[in-house]
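Trainee: Chains A and B are the protein sequences, given in the same order. Going from the first sequence to our numbering is simple: count from 1 and add 17. Going from the second sequence to our numbering is simple: count from 1 and add 17. Glycine residues also receive a C-beta, built at the ideal position from the N, C-alpha and C atoms. All values derive from a computational prediction rather than experimental measurement.
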Amino acid sequence: MRRTLAALTTGAVLLAATACGSQEADSDSGGLTTVTAGVIPIVDVAPVYLGVEQGFFEERGIDLRLESSSGGAAIVPGVISGEFDLGFSNIVSLIVARGQGLPLTTLTNGVTTTGEQGADMGGVFVQDDSSIQDAGDLEGLTVASNNLKNIGDTTVRQSVRVAGGDPSSVKFVELPFPDMPAALDSGQVDAVWAVEPFASIIRQAGHREIASNFVDTHPELSVAAYFASEQRQAEDPELFADVTAALEESMAYAQDNPDEVRRTISTYTEIDQGVIDELVLPRFPSEINRESVRTLADLMVTDGLVDSEPDLDALYGAKE
Amino acid sequence: MTETTTQGTARERPEAPAGAGGRPRGAARTGPNKPLLGAVGIVAFLGMWEAVPHLGLVSERFLPPASTVLAALAQRATTPGLWIAVGDTLIGWGLGLAIAFVAAVLLGFAMGALPRVRAFTNSTVDFLRPIPSVALIPLAILLYGTDLRSTLLLVVYACFWLIYIQVLYGVADVDPVAEQTARSYGLGRLARIRYVVWPTTLPYLMTGVRLAAAVALILAITAQLIIGSPGIGQEIAVAQSSGAVSSVYALIVATGALGVLINIGVRVLERRVLRWHTSVRGEATA
Chain A
18 MRRTLAALTT
28 GAVLLAATAC
38 GSQEADSDSG
48 GLTTVTAGVI
58 PIVDVAPVYL
68 GVEQGFFEER
78 GIDLRLESSS
88 GGAAIVPGVI
98 SGEFDLGFSN
108 IVSLIVARGQ
118 GLPLTTLTNG
128 VTTTGEQGAD
138 MGGVFVQDDS
148 SIQDAGDLEG
158 LTVASNNLKN
168 IGDTTVRQSV
178 RVAGGDPSSV
188 KFVELPFPDM
198 PAALDSGQVD
208 AVWAVEPFAS
218 IIRQAGHREI
228 ASNFVDTHPE
238 LSVAAYFASE
248 QRQAEDPELF
258 ADVTAALEES
268 MAYAQDNPDE
278 VRRTISTYTE
288 IDQGVIDELV
298 LPRFPSEINR
308 ESVRTLADLM
318 VTDGLVDSEP
328 DLDALYGAKE
Chain B
18 MTETTTQGTA
28 RERPEAPAGA
38 GGRPRGAART
48 GPNKPLLGAV
58 GIVAFLGMWE
68 AVPHLGLVSE
78 RFLPPASTVL
88 AALAQRATTP
98 GLWIAVGDTL
108 IGWGLGLAIA
118 FVAAVLLGFA
128 MGALPRVRAF
138 TNSTVDFLRP
148 IPSVALIPLA
158 ILLYGTDLRS
168 TLLLVVYACF
178 WLIYIQVLYG
188 VADVDPVAEQ
198 TARSYGLGRL
208 ARIRYVVWPT
218 TLPYLMTGVR
228 LAAAVALILA
238 ITAQLIIGSP
248 GIGQEIAVAQ
258 SSGAVSSVYA
268 LIVATGALGV
278 LINIGVRVLE
288 RRVLRWHTSV
298 RGEATA
């Protein structure tokens with residue numbers, strides 16, 4: 018028994034030593050530079066998975082490692098602390114983070130709305146037999162959003178405004194996307210704002226879509242972006258030029274090959290094939306539509322998400 | 018030690034379940050039925066689970082019947098992904114538990130030998146101990162991102178206190194007579210630790226390890242689920258964000274099975290390590 022304990026002890030100490038000693042290597046044996054990206058396992062990041070598969074990063078000497086962080090909560094802190102070289106986040110979160118003084122700048126656009134009413138990658142859903150006909154009817158009712166004071170409630174408020182309702186009387190509750198189908202089914206909330214794949218799952222359950230909140234905000238709305246820390250970009254501007262070029266190529270490829278996007282989704286998510294076939298894919302332009310982000314930023318000021326006019330140029334960084 | 022002393026000690030300690038070598042009374046009555054009852058319990062549970070969605074009490078879309086979930090689990094078990102995730106979870110669990118064990122034992126014994134330092138650190142320990150490990154998640158993310166070290170931070174923090182407190186109590190429980198006897202036989206400090214303090218502490222230590230083994234699994238899964246460090250928890254999170262409901266349940270079942278195996282393993286270990294101790298010798302179930 019003493020020997021068992023001794024072995025356990027030695028093993029633990031050794032393992033502890035290796036655990037603490039393992040630092041992320043900057044270069045691997047093939048001469049490629051290892052770059053780590055913090056992403057969420059959702060439809061939106063399909064282009065980077067495709068880009069890695071197609072060798073767009075490798076041909077620029079980059080070994081892109083995709084770290085899938087479930088809720089996305091780890092991405093911004095991870096990029097700030099240097100754990101990730103780049104990350105993926107929605108624009109509102111980035112504007113808020115930048116407004117709090119976090120030195121983040123965008124690299125490329127992430128996803129953009131399809132711009133089609135009733136056929137977007139996210140929307141507001143109600144029970145089929147509900148009396149709610151459009152977003153204006155949401156006045157005084159409860160709507161579920163995955164985050165409060167973020168892109169969901171801000172754009173849904175805009176839908177209410179566009180439909181002639183009073184957005185301040187809509188009550189938002191925080192609910193994770195995966196819980197929304199059940200919450201809508203059981204009538205816990207009057208409406209939910211959901212994105213793919215849950216938008217399709219909700220549609221397939223027979224619920225009704227009443228508004229496309231991204232489209233209502235701006236027909237070319239840039240919803241999310243890839244970003245990195247200023248410090249990391251200043252350290253290695255050439256690397257980040259290459260990363261950005263590879264991202265752009267990946268997005269163009271994804272935009273031109275929707276079937277490839279659907280195929281790749283099944284490799285890193287567990288979305289049911291029946292849902293993957295039905296998904297409304299976002300558009301993947303690599304340029305952020307600055308006018309749409311300006312609209313979003315103005316709404317953030319109107320709704321009180323930020324105190325002062327956000328400095329968007331700072332968010333885009335020095336590059337022009 | 019002989020059988021007679023075994024039974025003698027067991028009888029002197031009424032709180033310990035009676036019966037050692039001979040397995041008298043209760044052991045014969047309840048012993049053989051236990052596994053059977055356990056199996057019946059599981060079957061009844063699965064039956065209820067199967068029935069609830071079929072009866073329409075809960076929609077099948079949110080609670081797939083047991084048969085669907087078990088089929089999904091069986092299907093996953095044929096792919097390497099599940100086993101890699103199980104392996105990652107076990108590494109986080111085992112490594113975290115081992116680090117906590119070593120640190121708690123070393124520190125616990127040191128404190129036992131240094132009562133002044135112990136008094137000095139008591140208040141700090143009482144302050145740190147009730148901090149839930151999950152409250153350290155933001156810190157773990159900042160320090161280590163999504164890799165294994167995040168899991169380890171949570172697991173080690175939670176398990177360390179469980180074991181450390183047990184060791185402190187164990188070290189303090191040394192029989193003064195035994196201690197004095199050892200002294201008068203001229204045993205040195207190290208020899209006393211080996212022959213007096215260690216055997217006294219061992220049952221406490223094993224209790225700590227048993228508790229910590231379960232808590233370590235909980236926290237390993239929590240870290241993976243929330244932070245996204247590799248393992249079953251992360252697989253659950255991916256399945257959840259994909260709306261793959263039966264996969265979510267299948268992975269939860271896998272987690273439960275892992276917990277049962279770990280519990281059995283730790284109990285076997287406890288039995289082996291403490292086979293000389295009355296609490297084990299006196300136990301009826303085998």
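Taking the beta strand (DSSP E) that SER239 (chain A) belongs to, which residues open and close that run?
Mentor: First-last of the beta strand (DSSP E) with SER239 (chain A): 239 to 246.
Trainee: Taking SER229 (chain A) and ASP137 (chain A) to be in contact with their CB atoms under 8 angstroms, please state how far apart those CB atoms are, rounded to whole angstroms.
Mentor: Sure, about 4 angstroms apart at Cβ, within 8 angstroms.
Trainee: Does any C-beta atom of chain B lie closer than 9 angstroms to the C-beta of ALA269 (chain A)?
Mentor: By this cut-off, ALA269 (chain A) is not an interface position.
Trainee: Under 9 angstroms, Cβ to Cβ, is there at least one residue of chain B near GLU226 (chain A)?
Mentor: It does not: the Cβ of GLU226 (chain A) has no partner Cβ on chain B nearer than 9 angstroms.
Trainee: Pull out every residue of the region 62 to 90 of chain B whose Cβ sits closer than 8 angstroms to any Cβ of chain A, in chain order.
Mentor: Answer set for the region 62 to 90 of chain B: SER76, ARG78, PHE79.
Trainee: Against ALA208 (chain B), what residues of chain A qualify as contacts under a CB-to-CB distance less than 7 angstroms, listed in chain order?
Mentor: By Cβ distance, chain A contributes nothing, its closest Cβ being about 14 angstroms from ALA208 (chain B), past 7 angstroms.
Trainee: Excluding sequence positions up to five away, which residues of its chain have a Cβ less than 8 angstroms from the Cβ of VAL323 (chain B)?
Mentor: Given that chain B is displayed from residue 18 to residue 303, the structure contains no residue 323 (chain B) and the question cannot be resolved.
Trainee: At 9 angstroms on the CB atoms, spell out the chain B contacts of THR7 (chain A), in chain order.
Mentor: The structure shown does not extend to residue 7 (chain A), since chain A is modelled only from 18 through 337, so no value can be given for it.
Trainee: Between PRO327 (chain A) and chain B, is any beta-carbon pair separated by less than 9 angstroms?
Mentor: With 9 angstroms as the cut-off, PRO327 (chain A) does not count as an interface residue toward chain B.
Trainee: Is PRO198 (chain A) closer than 9 angstroms to GLY260 (chain B) when the C-beta atoms are compared?
Mentor: Closer than 9 angstroms, so yes.
Trainee: Specify whether the region 141 to 158 of chain A and the region 175 to 191 of chain A touch according to this definition: at least 3 beta carbon pairs, one from each stretch, less than 8 angstroms apart.
Mentor: Taking 8 angstroms as the limit for Cβ pairs, the verdict is that the region 175 to 191 of chain A does touch the region 141 to 158 of chain A.
Trainee: First and last residue of the beta strand (DSSP E) that includes THR122 (chain A)?
Mentor: First-last of the beta strand (DSSP E) with THR122 (chain A): 121 to 129.
Trainee: Return yes when the Cβ of PRO81 (chain B) is within less than 9 angstroms of the Cβ of VAL262 (chain B), no when it is not.
Mentor: Result yes, Cβ atoms of VAL262 (chain B) and PRO81 (chain B) sit closer than 9 angstroms.
Trainee: What span of residues does the beta strand (DSSP E) with TRP210 (chain A) cover, start to end?
Mentor: Residues 208 to 212.
Trainee: Going by other Cβ atoms of all chains shown within 10 Å of its Cβ, with 16 needed for buried, is ARG115 (chain A) buried or exposed?
Mentor: Burial call: buried.
Trainee: Out of B:TRP178, B:VAL226, B:ALA229, B:VAL270, point me to the one whose CA is closest to ASP143 (chain B)'s CA.
Mentor: Measuring from the Cα of ASP143 (chain B), the nearest candidate turns out to be B:TRP178.
Trainee: With the cut-off set at 9 angstroms, would you say GLY132 (chain A) and GLU237 (chain A) are in Cβ contact?
Mentor: Going by C-beta atoms, GLY132 (chain A) is nearer than 9 angstroms to GLU237 (chain A).
Trainee: According to the neighbour-count rule (16 or more other Cβ atoms, all chains shown, within 10 Å of its Cβ), is PRO195 (chain A) buried or exposed?
Mentor: The residue in question, PRO195 (chain A), is buried, as its Cβ has 16 or more Cβ neighbours within 10 Å.
Trainee: Answer yes or no: the CB of THR272 (chain B) versus the heavy atoms of the ligand FMN, is any distance below 8 angstroms?
Mentor: Among the components modelled here there is no ligand, and therefore nothing to report on the ligand FMN.
Trainee: Under three-state DSSP, which class holds PHE301 (chain A)?
Mentor: PHE301 (chain A): coil per DSSP, three-state reduction.
Trainee: To the nearest whole angstrom, what separates the beta carbons of ALA242 (chain A) and THR125 (chain A), a pair I think is in contact under 8 angstroms?
Mentor: Confirmed, Cβ separation roughly 7 angstroms.
Trainee: With 9 angstroms as the limit, tell me which residues of the region 251 to 274 of chain B have their beta carbon closer than that to any beta carbon of chain A; keep them in chain order.
Mentor: Going along the region 251 to 274 of chain B in chain order, one finds GLN251, GLU252, ILE253, ALA254, VAL255, ALA256, GLN257, SER258, SER259, GLY260, ALA261, VAL262, SER264, VAL265 with a Cβ nearer than 9 angstroms to chain A.
Trainee: Could you tell me which uninterrupted alpha helix (DSSP H) segments, each at least 4 residues in length, are contained entirely in the region 241 to 282 of chain B, listed from first to last along the chain?
Mentor: List check, alpha helix (DSSP H) in window: 249 to 258.
Trainee: For SER39 (chain A), collect the residues of the same chain with a Cβ closer than 7 angstroms to its Cβ; drop the 5 residues on either side in sequence, then sort them by chain order.
Mentor: Below a pLDDT of 50, predicted positions are generally treated as unreliable, and SER39 (chain A), at 38, falls in that range; the measurement from the model is reported next regardless. Excluding residues within five positions, none has a Cβ falling inside 7 angstroms.
Trainee: Could you tell me how far apart the beta carbons of LEU322 (chain A) and LYS188 (chain A) are, in whole angstroms, since I believe they sit closer than 8 angstroms?
Mentor: Contact flag wrong, Cβ pair sits at about 17 angstroms.
Trainee: Hey, is SER246 (chain A)'s beta-carbon within less than 9 angstroms of any beta-carbon in chain B?
Mentor: With 9 angstroms as the cut-off, SER246 (chain A) does not count as an interface residue toward chain B.
Trainee: Here's a check: name, in chain order, each residue in its chain whose Cβ is nearer than 8 angstroms to the Cβ of LEU242 (chain B), leaving out the five neighbours to either side.
Mentor: Taken in chain order, the residues that qualify are GLY250, GLN251, ILE253, ALA254.
Trainee: I'd like to know whether the C-beta of LEU159 (chain B) is nearer than 9 angstroms to at least one C-beta of chain A.
Mentor: Chain A contact via Cβ: present.
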